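There are 2 protein chains.
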Amino acid sequence: MSANVQTDIGFSFTGFMQRGGRTGPHRDGWGITFYEDNGYQTFKDPSPCYDSPMARLVQKNPIKSRAVIAHIRQANRGHVALENTHPFTREQWGDFWTFAHNGQLSDYQILLQKGKHQPVGDTDSEAAFCWLLNELDRKYPQKPADMKAMFRYLGDLCLQLQAFGIANLLLSNGTYLFSFCANTLHWITRRSPFGQARLIDEDITVDFQQEATPNDVVTIIATLPLTSNEHWHKMAAKHYVLFHDGVNIADKSI
Amino acid sequence: MSANVQTDIGFSFTGFMQRGGRTGPHRDGWGITFYEDNGYQTFKDPSPCYDSPMARLVQKNPIKSRAVIAHIRQANRGHVALENTHPFTREQWGDFWTFAHNGQLSDYQILLQKGKHQPVGDTDSEAAFCWLLNELDRKYPQKPADMKAMFRYLGDLCLQLQAFGIANLLLSNGTYLFSFCANTLHWITRRSPFGQARLIDEDITVDFQQEATPNDVVTIIATLPLTSNEHWHKMAAKHYVLFHDGVNIADKSI
């Protein structure tokens with residue numbers, strides 16, 4: 367999620383968490399990171415999301431945030447463990463960057479080069495995250511003044527990653543939310559006039575007209591649409607979209 | 367806490383959390399980090415611990431762990447915000463290191479040198495943490511084979527920090543727990559035969575004979591003793607003690 371106001375993600379998370387073992391096969395852990403200004407709070411658990419007590423707590427008491435990354439895991443590379451549970455967070459340029467990956471990489475040991483950031487667990491995903499940050503650190507030893515240029519370069523790096531397999535990616539520092547589509551990623555921006563939304567995975571409908579104020583802009587990005595009665599944009603393969611304050615501010619074709 | 371078995375810290379946390387605004391003045395946030403193998407889970411909140419819903423959740427459902435660091439904050443340097451709330455965690459040598467500080471530093475801008483780790487918030491504590499890790503990284507570009515030697519060097523660095531003020535410190539990677547006493551730090555190791563312990567801050571007594579198994583070794587380190595009927599070791603000023611599996615394995619005089 368990327369939004370221009372502190373937003374409650376409870377509705378989307380309610381649908382999302384069902385896919386973690388009930389309506390979807392991703393039962394090997396889940397996690398969610400909420401940004402609050404420059405800080406963040408992560409809840410994660412290497413057990414299925416749909417029946418996790420901690421997930422129910424998050425669902426019922428979500429932290430209002432302008433940037434959230436959540437993930438449910440189906441383990442392929444790396445065993446089921448807390449250190450292998452997404453999202454992953456590292457400090458770079460004095461910001462906390464948070465990362466989640468959907469897909470699978472092979473023969474990626476070359477990504478485990480020396481650099482500032484080293485993986486702690488044994489997933490392909492954390493290796494890819496550290497590689498991306500190490501490459502960015504190499505090109506930008508200081509925080510770049512032109513963040514859009516940095517994200518364009520990040521888009522090129524994401525393209526290079528696809529040589530190792532499939533990597534649909536989300537990356538945020540709490541201000542920007544960068545999404546890269548390898549083969550499947552969808553997004554929707556909700557703004558005034560708001561309407562109703564009906565979850566696919568639970569029999570729940572929300573009327574955003576009642577929940578939101580006229581200036582709110584909220585974007586949700588997900589592997590597959592979370593609601594059945596709204597139009598979600600399907601991202602083109604090998605394409606990125608960059609969001610800021612809930613708004614699509616750049617994509618690969620710009 | 368440092369322990370040789372996955373241990374429930376609920377009893378100690380129950381006493382500790384009262385000091386976060388009820389029986390003590392540290393009402394500007396609290397946090398707790400539990401290690402699970404190489405991964406960690408942090409709960410933190412920039413509001414008073416004693417009446418925090420998240421703290422009550424942690425108290426009632428503590429994650430069993432072999433290494434835990436908890437902190438309650440009385441803000442002096444840095445505003446009340448999530449990014450300024452201890453403990454702080456950074457990856458170094460492929461491990462997650464977690465840090466908490468009690469004390470206050472002045473004129474510490476010299477610590478904000480270039481290096482791998484940069485603070486995100488504006489506390490003296492996070493600046494000190496990044497400085498320590500950057501100095502360690504400079505001396506040990508790879509994970510040191512002789513960890514006791516590394517901790518001796520860390521003890522020297524902690525001594526240097528005292529030139530800027532007071533820094534009682536805890537640092538752990540989930541395997542080792544390093545404690546440095548500037549002026550006040552106490553510890554107790556509980557092992558067989560276990561007895562009863564009575565909290566100072568709450569009218570609660572626990573019989574560890576009922577809770578622990580004969581081989582358990584559990585050390586609690588705290589600014590001030592948490593129980594009234596046990597003997598806590600008072601650490602000497604400018605002295606460190608290193609714990610591993612609940613056992614004091616090295617201190618400055620060794």
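Here the protein sequences come in this chain order: A and B.
For the first sequence, position 207 (counting from the first letter as 1) is numbered 573 according to our numbering, and the numbering increases by one without interruption.
For the second sequence, position 13 (counting from the first letter as 1) is numbered 379 according to our numbering, and the numbering increases by one without interruption.
Heads up, the beta-carbon is just placed ideally off N, CA and C, and yes, glycines get one too.
In this text, all values refer to a predicted model and were calculated from it rather than measured experimentally.
To which residues of the same chain is phenylalanine 609 of chain A closer than 6 Å at the C-beta, ignoring the five residues directly before and after it?
Looking up residue 609 of chain A in the first sequence gives position 243. These residues qualify, in order along the chain: Ser368, Leu543, Thr585.
Given a limit of 8 Å on CB to CB distance, which residues of the region 428–447 of chain A reach chain B?
Ala447
In DSSP terms, what tryptophan 391 of chain B is bridged to:
Here residue 391 of chain B corresponds to residue number 25 of the second sequence, with the count starting at 1. One point to set straight first is that residue 391 of chain B is proline, not tryptophan, in the sequence displayed. Answer is B:Gly386.
Buried or exposed: where does serine 418 of chain A fall if 16 or more other Cβ atoms within 10 Å of its Cβ makes it buried?
Here residue 418 of chain A corresponds to residue number 52 of the first sequence, with the count starting at 1. It is buried - the Cβ of serine 418 of chain A has at least 16 other Cβ atoms within 10 Å.
So the beta strand (DSSP E) arginine 564 of chain A belongs to, where does it begin and stop?
The sequence position of residue 564 of chain A within the first sequence is 198, counting from 1. Arginine 564 of chain A -> beta strand (DSSP E) spans 562–564.
Those runs of the alpha helix (DSSP H) which lie wholly inside the region 448–528 of chain B and span at least 4 residues
490–505, 513–527
Any 3 or more C-beta pairs closer than 8 Å across the region 404–415 of chain A and the region 454–469 of chain A:
yes
Helix, strand or coil: how does DSSP classify aspartate 617 of chain A here?
In the first sequence, the residue the question calls residue 617 of chain A occupies position 251. Three-state result, aspartate 617 of chain A: strand.
Run of the alpha helix (DSSP H) containing arginine 422 of chain A, from where it starts to where it stops:
Within the first sequence, numbered from 1, the residue matching residue 422 of chain A stands at position 56. It spans 419–426 - the alpha helix (DSSP H) in which arginine 422 of chain A sits, taken as one unbroken run.
Proximal residues, the region 483–506 of chain B versus chain A, C-beta separation under 7 Å:
His483, Gln484, Pro485, Val486, Gly487
From the beta carbon of aspartate 403 of chain A, is the nearest beta carbon of chain B less than 8 Å away?
Taking the first sequence and counting its residues from 1, the one referred to as residue 403 of chain A is at position 37. Answer yes: the Cβ-Cβ gap between aspartate 403 of chain A and chain B drops below 8 Å somewhere.
Can you check whether the CB of glycine 531 of chain A is closer than 8 Å to the CB of serine 491 of chain A?
Residue numbering aside, residue 491 of chain A sits at position 125 when the first sequence is read from its first letter. Residue numbering aside, residue 531 of chain A sits at position 165 when the first sequence is read from its first letter. It is not a contact, given that the beta carbons lie outside the stated cut-off.
Coarse secondary structure for glutamate 577 of chain B, derived from DSSP in three states:
Working through the second sequence from its first residue, we reach residue 577 of chain B at position 211. Correct three-state label for glutamate 577 of chain B: helix.
Under 8 Å between the Cβ atoms of cysteine 547 of chain A and alanine 494 of chain A?
For the purposes of this step, residue 547 of chain A is identified with residue 181 of the first sequence, where counting begins at 1. For the purposes of this step, residue 494 of chain A is identified with residue 128 of the first sequence, where counting begins at 1. Against a cut-off of 8 Å, the Cβ pair of alanine 494 of chain A and cysteine 547 of chain A comes out as no contact.
For phenylalanine 454 of chain A, which residues from the same chain have a beta carbon less than 6 Å from its beta carbon, with the 5 sequence-adjacent residues on both sides left out?
As a first step, residue 454 of chain A must be located in the first sequence, where it is residue number 88. The residues are Phe465, Glu492, Phe495.
Assign serine 368 of chain B to one of three DSSP states: helix, strand, or coil.
To locate residue 368 of chain B, count along the second sequence from 1; it is residue 2. Strand.
Exposed or buried, which one is glycine 427 of chain A when buried takes at least 16 other CB atoms within 10 Å?
Within the first sequence, numbered from 1, the residue matching residue 427 of chain A stands at position 61. Glycine is not the amino acid found at residue 427 of chain A; the sequence shown has asparagine there. Answer is exposed; the Cβ neighbour count stays below 16.
Taking Cβ positions only, does tyrosine 606 of chain B come closer than 8 Å to chain A?
In the second sequence, the residue the question calls residue 606 of chain B occupies position 240. Not one chain A Cβ lies under 8 Å of tyrosine 606 of chain B.
Going by DSSP in three states, glycine 376 of chain B sits in which element: helix, strand or coil?
What you label residue 376 of chain B is simply residue 10 of the second sequence in a count that begins at 1. Here glycine 376 of chain B sits in helix by DSSP.
What residues match up with threonine 555 of chain B in a beta bridge as DSSP calls it?
The count along the second sequence starts at 1 and reaches residue 555 of chain B at position 189. The partner list for threonine 555 of chain B (beta bridge, DSSP) reads B:Thr585.
Three-way DSSP call (helix, strand, coil) for histidine 605 of chain A in this model
Numbered from 1 along the first sequence, position 239 holds the residue referred to as residue 605 of chain A. Note: histidine 605 of chain A maps to strand in three-state DSSP.
Answer with buried or exposed for asparagine 476 of chain A, where buried requires no fewer than 16 other C-beta atoms within 10 angstroms of its C-beta.
Sequence index remark: in the first sequence, residue 476 of chain A carries index 110 (1-based). Note on identity: in this sequence residue 476 of chain A is isoleucine, with asparagine being the wrong assignment. The residue in question, isoleucine 476 of chain A, is exposed, as its Cβ has fewer than 16 Cβ neighbours within 10 Å.
Thinking just about the alpha-carbon of each residue, which of A:Arg385, A:Ile435, A:Gln384 is nearest to the one in aspartate 374 of chain A?
If you number the first sequence from 1, residue 374 of chain A lands on position 8. Checked all of A:Arg385, A:Ile435, A:Gln384; the closest Cα to aspartate 374 of chain A is A:Ile435.
Quick one: Cα of glycine 387 of chain B to Cα of valine 446 of chain B, how far?
Within the second sequence, residue 387 of chain B is the residue found at index 21, counting from 1. Within the second sequence, residue 446 of chain B is the residue found at index 80, counting from 1. Cα to Cα, the separation comes out at about 14 Å.
Use the C-beta contact count for leucine 520 of chain B: other C-beta atoms within 10 angstroms, 16 or more gives buried, fewer gives exposed.
Counted from its first residue, the second sequence places residue 520 of chain B at position 154. Buried, by the Cβ-count rule.
Residues in the same chain with beta-carbon distance under 7 Å from histidine 452 of chain A, minus the five sequence neighbours each way, listed in chain order, please.
Taking the first sequence and counting its residues from 1, the one referred to as residue 452 of chain A is at position 86. Gly397, His437, Arg439, Ala466, His467, Ser491, listed in sequence order.
Which value, in whole angstroms, describes the spacing of the CA atoms of phenylalanine 379 of chain A and glutamate 568 of chain A?
By 1-based counting over the first sequence, the position of residue 379 of chain A is 13. By 1-based counting over the first sequence, the position of residue 568 of chain A is 202. Those two C-alpha atoms are separated by around 11 Å.
Under a CB-based cut-off of 8 Å, is phenylalanine 462 of chain A close to chain B?
The residue given as residue 462 of chain A occupies position 96 in the first sequence. Interface residue, yes.
Go through its chain and collect everything with a Cβ distance to arginine 557 of chain A's Cβ below 6 Å, but skip five positions before and after it.
By 1-based counting over the first sequence, the position of residue 557 of chain A is 191. Closer than 6 Å at Cβ, skipping near neighbours: Val583.
Roughly how many whole angstroms lie between the Cα atoms of histidine 605 of chain B and lysine 482 of chain B?
For the purposes of this step, residue 605 of chain B is identified with residue 239 of the second sequence, where counting begins at 1. For the purposes of this step, residue 482 of chain B is identified with residue 116 of the second sequence, where counting begins at 1. One C-alpha to the other measures close to 27 Å.
Bridge partners - serine 538 of chain A, DSSP secondary structure assignment
Taking the first sequence and counting its residues from 1, the one referred to as residue 538 of chain A is at position 172. A:Thr464, A:Leu543.
For leucine 535 of chain A and cysteine 524 of chain A, which I take to be in contact (beta-carbon distance under 8 Å), what is that distance rounded to the nearest angstrom?
To locate residue 535 of chain A, count along the first sequence from 1; it is residue 169. To locate residue 524 of chain A, count along the first sequence from 1; it is residue 158. Correct: roughly 6 Å between the Cβ atoms.
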